[in-house]
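Participant: Using the numbering used here, you'd call the opening residue of the sequence shown number 22 and step up by one each time.
For glycine and all other residues, C-beta sits at the position ideal for the given N, C-alpha and C.
Below is a structure I'd like to ask you about.
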Amino acid sequence: MRVVTLPAPDDFNAWRDAARGLIAAAVPPDDVVWQVGAEAGDLFAAAETPAPPRHDPVGPAFTVPRAFLDLARNVILHRDAERFALLYTMLDRLRTEPRLTDDHADPLVRRLEGLAKHVRRDIHKMRAFLRFREVPEEAGSRYVAWFEPEHHIVRANAAFFVNRFASMRWSILTPEVALHWDGAMLSEGPGASRADAPEGDPTEEVWKTYYASIFNPARVKVGAMLKEMPRKYWKNMPETALVPELLATAQARESGMITRAQSAEIGGNSRIAWEALREEAMGCTRCHLHKHATQTVFGEGPIEARLMFVGEQPGDQEDLAGQPFVGPAGQVFNRALAAAGIAREDTYVTNAVKHFKFEPRGKRRIHAKPDAGEIEACRWWIEQEQMLLRPKVMVALGATAARSLFGKVMTISRERGRALQLPGGGAAWITVHPSYLLRLPDEAAKRGEFDRFVEDLRAAAATV
Ligand code: URA
């Protein structure tokens, strides 16, 4: 039995180095016990083998796919004690099953992808829901935040906060580790408790103003809010103190709400979290489509948008421009929006699949329909966009978008023209994709279908 002791629960490099050595020595997964420094007791002391040194030789014919390393980097941050062993088992199988990372039906791959998904969610929650409170110090203000992550994500998130709040002096306190930024250097301290973090201070006013300005009474669904922002985060957020009052006065505030919703100017964390999400999507390798596409085409539009349109995937022109719906289908879409009286710039427009899928034909790239696995892999991004924007109404343009939002095949002809309930809560409408209108051979049919499309958009927008 080999016992590998890793120095810290989130130390991917240590795990990778140990796993490399074990693979090179052909140690079967069942012969390895993984533990983390502080957790290690005497139980295995006699059998303990030090982690193999760095730069151990790896079998010459064995190249670890990048997708596995990306997956492993996230999985390592999960709290599940089995994660190291599960990853090593997968690494061992990759020797003989080099395409294993693409097999999303494999139980081990599914389990690891599930762990990685939890970790990514936790990373985004920290970015979106962490709140700083100002503490006056001799050297100037320090901003201090308390956060309780579910997984070991704090160090992995450090660069994000350094980049976003580079000119501020701040500390992020969590139960396991504290991060301190002095404007030039990042340092770590021991875990803290909630009592170490300051309570109310002037920063709260900033956040309260921000929150009051974006609070959308028309969207108030306490269940849905709690789902997206679990109670454990609420108690850290100054603005939640306002919720009962905001709820009580919701009706009266509704009419003036939109003009107050200039949240980006106040620098809300939602915008920051959206930008971080977009940045992360730029490096997405969740499916193979990224290999041939020019770039990720992420959604665009105001973060306060109440209406969110979801298309299928970027086309040739969108792939080059990096923006959704700017090619021929986009022009039909724009015309239909205008006919329905909807200002595109007030809406958020995105796609179910964020990379262009095509088949090369000579110099041309011919659109290819995304399959169920690709839609499923990309669903994570839509869920994140939905979580950050919390649109009042979503509109699925075509079958791929409908499948992504509802998680199953939907028949457009049967479901269009009425509000439907999304499985995770919220309303969505389904209509045709604008490119369907482009493909109709007959001019009269084209006109008739265009009018029906406009009618669907108008009806959906009327419920916002
Ligand atoms: N078709 C889509 O579904 N989305 C785009 O962004 C462009 C064309």
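Could you compute how far the alpha carbon of residue 109 sits from the alpha carbon of residue 97?
Facilitator: Rounded to the nearest angstrom, the two C-alpha atoms are 11 Å apart.
Participant: What span of residues does the beta strand (DSSP E) with residue 190 cover, start to end?
Facilitator: Note, residue 190: beta strand (DSSP E), 190-194.
Participant: Could you work out which residue in 375, 393 and 340 is closest to residue 306 when comparing CA atoms only?
Facilitator: Nearest C-alpha to residue 306: 375.
Participant: Measure the beta-carbon distance from residue 205 to residue 165 and round it to whole angstroms, keeping in mind my assumption that it falls under 8 Å.
Facilitator: So it is not a contact: roughly 18 Å between Cβ atoms.
Participant: Would you tell me roughly how many angstroms separate the C-alpha atoms of residue 479 and residue 352, rounded to the nearest one?
Facilitator: Cα to Cα, the separation comes out at about 17 Å.
Participant: Between the stretch 88-105 and the stretch 129-137, are three or more C-beta pairs nearer than 8 Å?
Facilitator: Output reads yes: the stretch 129-137 touches the stretch 88-105.
Participant: Count the other CB atoms, across all protein chains shown, that sit within 10 Å of the CB of residue 26; report buried if there are 16 or more and exposed otherwise.
Facilitator: Buried, by the Cβ-count rule.
Participant: Ends of the beta strand (DSSP E) at residue 208?
Facilitator: Residues 207-211.
Participant: Check for me: the beta strand (DSSP E) holding residue 166 runs from which residue to which?
Facilitator: It spans 161-167 - the beta strand (DSSP E) in which residue 166 sits, taken as one unbroken run.
Participant: Comparing the CB of residue 350 with every heavy atom of the ligand URA, is any distance shorter than 7 Å?
Facilitator: Answer for residue 350: yes, Cβ within range of the ligand URA.
Participant: Within 10 Å of its beta-carbon, does residue 432 have 16 or more other beta-carbons around it, so buried, or fewer, so exposed?
Facilitator: Exposed, because fewer than 16 other Cβ atoms sit within 10 Å of the Cβ of residue 432.
Participant: Following a CB-centred definition, is residue 362 positioned closer than 7 Å to any heavy atom of the ligand URA?
Facilitator: Checking every heavy atom of the ligand URA against the Cβ of residue 362, none is found closer than 7 Å.
Participant: Identify whether residue 26 lies in helix, strand or coil by the three-state DSSP scheme.
Facilitator: Looking at residue 26 - three-state DSSP - the assignment turns out to be strand.
Participant: Is there contact between the stretch 443-458 and the stretch 413-424, where contact requires at least three CB pairs shorter than 8 Å?
Facilitator: Flag = yes, the stretch 443-458 and the stretch 413-424 touch.
Participant: Let me know if residue 178 comes out buried or exposed under the rule of 16 or more other beta-carbons within 10 Å of its beta-carbon.
Facilitator: The residue is buried, with at least 16 neighbouring Cβ atoms inside 10 Å.
Participant: Please identify the residue among 292, 316, 169 and 482 whose C-alpha is closest to the C-alpha of residue 360.
Facilitator: Here the closest residue by C-alpha is 482.
Participant: Whether or not the stretch 361-369 and the stretch 380-398 are in contact is what I'm after, with contact meaning three or more pairs of Cβ atoms, one per stretch, closer than 8 Å; do they touch?
Facilitator: The answer is no - the stretch 361-369 does not touch the stretch 380-398, with fewer than three Cβ pairs under 8 Å.
Participant: Whose CA, out of 294, 195 and 202, lies closest to the CA of residue 213?
Facilitator: With distances taken between Cα atoms, residue 213 lies closest to 195.
Participant: How would you write the range of the beta strand (DSSP E) that residue 157 sits in, first residue to last?
Facilitator: Here the beta strand (DSSP E) through residue 157 covers 154-158.
Participant: For a quick check, are the C-beta atoms of residue 398 and residue 334 less than 8 Å apart?
Facilitator: Contact: no.
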